[in-house]
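Protein chains in written order, with the working numbering: chain A, 55 to 206; chain B, 55 to 206.
A virtual CB, placed ideally from N, CA and C, is assigned to each residue, including glycine.
Here is the structure we will look at.
Protein chains: 2
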Amino acid sequence: MNPTTETTWPDHPFIAEMIRQTRAFDSYGVHEQLSPFELLQPYIVTKAQRREMPIIGDPDEEILARLKAYYSAIAMRIEAGCGSMATPLFSLSHEGFGRVIISVGKLLVLDRSLRDVHRFGFESMDGLCEQADTLVNAALSIIRQHPDAAAA
Amino acid sequence: MNPTTETTWPDHPFIAEMIRQTRAFDSYGVHEQLSPFELLQPYIVTKAQRREMPIIGDPDEEILARLKAYYSAIAMRIEAGCGSMATPLFSLSHEGFGRVIISVGKLLVLDRSLRDVHRFGFESMDGLCEQADTLVNAALSIIRQHPDAAAA
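Right under this line is the structure:
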């Protein structure tokens, strides 16, 4: 898929959540006028683009908002899958390193190290949805293994 | 206890860990010359002092280092009590709000909202140790309730 020639995204339940979360993190309404297609476009970062992105200094606020929207959308999908509240927590250093966790009750259902946050993005929207599915399914499987901690 | 007239701290296992962690967070060795007594002195904030501390703007780096040293010391005591690695994670906003969690395996053994981080401190060192004991014991109790998630 070449995003520059498309005007819609794949039909995947994750897309609607991504749009919702991306709008939620747009605190100042800067992107209010954008179509859903334009709104999600910045999540697509090709290998060539990635190579050109510097990883010095602080990742800018726009990238941090996208990173948080992405993992918040994952939390919402986990919530939809298990029926309990899923809460993301981000710990980001100024150098683009960090960690994100998602908890359900007292259970850590997702725990990822982050690096090169400056370059956060996906090759394609299909790739983004695929990775999200993988993370959501892994989280739901952890909940099935430890239902008591998830309910605590 | 009036810390200004004391030159030692109470004999409590948490104190040694606090000294270790406070030194660990002193990345630039600014406090290298301080005695253990002087090193922990800034953790004591009386009610009167607290009232005078402004809570606008960013909490300064020294306060953040103390906050992180305190919860890292708690993580170390949890680790000593259960024999598994305990990892703290901090998520702090610029306005002195935030959340700290400590995880053991896939189990959240501590989960606290933080506010007024600008005023982080304790009435006395006995009070600090007492709160630490309470948090460590609560964490160890959670581990006993969900041993499978803690071992995952």
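Do Phe174/B and Ile98/B have their C-beta atoms within less than 8 Å of each other? no
Inter-residue CB distance, Glu71/B and Arg131/B (contact presumed, cutoff 8 Å): 6 Å
Report yes if the C-beta distance between Ala129/A and Pro113/A is below 8 Å; otherwise report no. no
From Ile156/A, Glu115/A, Lys101/A, pick the residue whose C-alpha is nearest to that of Gly127/A; which is it? The question names Gly, but residue 127/A is Ala in the sequence shown. The shortest C-alpha separation from Ala127/A is found at Ile156/A.
Would a check of beta-carbon distances place Ile117/B closer than 8 Å to chain A? no
Just to check my reading of the structure: Arg166/A and Val154/A have Cβ atoms closer than 8 Å, yes? What is that Cβ distance to the nearest angstrom? 5 Å
Going by other Cβ atoms of all chains shown within 10 Å of its Cβ, with 16 needed for buried, is Gly159/B buried or exposed? buried
Using a threshold of 8 Å, state whether the C-beta atoms of Phe222/B and Ala140/B are closer than that. Past the edges of chain B, shown from 55 to 206, lies residue 222/B, and the structure says nothing about it.
Using Cβ-Cβ distances below 9 Å, what residues of the region 114-138 of chain A are close to chain B? none
Which value, in whole angstroms, describes the spacing of the CA atoms of Leu94/B and Leu164/B? Each residue's alpha carbon lies about 23 Å from the other.
Taking DSSP as the reference, what is the three-state secondary structure of Leu162/A? strand
Please list the terminal residues of the continuous alpha helix (DSSP H) segment that includes Thr76/A. 67-78
For chain A, is any of its Cβ atoms less than 8 Å away from the one on Leu168/B? Residue-level contact by beta carbon fails for Leu168/B and chain A, as no gap is shorter than 8 Å.
Unbroken stretches of the alpha helix (DSSP H), 4 residues or longer, contained in the region 101-169 of chain A: 101-106, 115-136
Under 8 Å Cβ-Cβ, which residues of chain B neighbour Leu194/A? Result: empty, since nearest Cβ-Cβ is about 14 Å, beyond 8 Å.
Counting C-beta neighbours from all protein chains within 10 Å, is the total for Gln103/B 16 or more, i.e. buried, or is it exposed? By the neighbour-count rule (16 or more Cβ atoms within 10 Å), Gln103/B is not buried but exposed.
What in chain A is Cβ-close to His148/B, meaning under 7 Å? The premise fails here: His148/B is roughly 12 Å from chain A at the closest Cβ pair, so nothing lies under 7 Å.
Candidates Ala123/B, Asp202/B, Gly150/B, Val190/B, of which the one nearest Ser81/B by Cα: Ala123/B
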